[in-house]
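Residue numbers (our numbering): 21 to 96.
This report concerns only the one structure given below.
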Amino acid sequence: GLVQWFHFEDPRLDDAVAWMKRLGVTNLRTGLSWADSFRPNALDWYDRQMEALADFDVTITFCFTPEHRGVMPHHT
């Protein structure tokens with residue numbers, strides 16, 4: 021398996037999926053940003069990403085608390 025993060029509306033998604041299939045990858049770990057869920061078109065991006073990754077056994081990590089939801093503003 022592989023670990024691959026796709027940034028919001030990442031233009032490399034389709035190429036990366038094609039390469040992973042060529043390489044015989046079956047297990048994929050990726051992340052979804054909670055902060056990105058507040059961007060315009062976020063649900064469309066999440067749907068597109070999950071549809072593109074449908075042929076893999078995907079493990080999701082949820083990351084990045086939105087600044088306005090945190091106890092205090094913080095950036096790492």
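The C-beta atom is built at its ideal place from N, Cα and C for all residues, glycine as well.
**Message:** What does the alpha-carbon distance come out to for the pair Leu22 and Gly44?
**Reply:** The sequence position of residue 22 within the sequence shown is 2, counting from 1. The sequence position of residue 44 within the sequence shown is 24, counting from 1. The alpha-carbon atoms of Leu22 and Gly44 are separated by roughly 11 angstroms.
**Item:** Same chain, Cβ closer than 8 angstroms to Asp56, neighbours up to 5 away in sequence not counted
**Value:** In the sequence shown, counting from the first residue as 1, residue 56 sits at position 36. The answer, listed in chain order, is Phe28, Ala62, Trp65 and Phe84.
**Short Cβ contact (8 angstroms threshold) for Phe26 with Trp54** = Along the sequence shown, one-based indexing puts residue 26 at 6. Along the sequence shown, one-based indexing puts residue 54 at 34. With contacts defined by Cβ atoms closer than 8 angstroms, Phe26 and Trp54 do not form a contacting pair.
**Message:** Check for me: the beta strand (DSSP E) holding Arg32 runs from which residue to which?
**Reply:** Counted from its first residue, the sequence shown places residue 32 at position 12. Looking at the DSSP string, Arg32 is not in any beta strand (DSSP E), and its letter there is neither H nor E.
**Request:** Measure the beta-carbon distance from Ala72 to Asp34 and round it to whole angstroms, keeping in mind my assumption that it falls under 8 angstroms.
**Result:** Residue numbering aside, residue 72 sits at position 52 when the sequence shown is read from its first letter. Residue numbering aside, residue 34 sits at position 14 when the sequence shown is read from its first letter. The pair is a contact, with the Cβ atoms about 7 angstroms apart (cut-off 8 angstroms).
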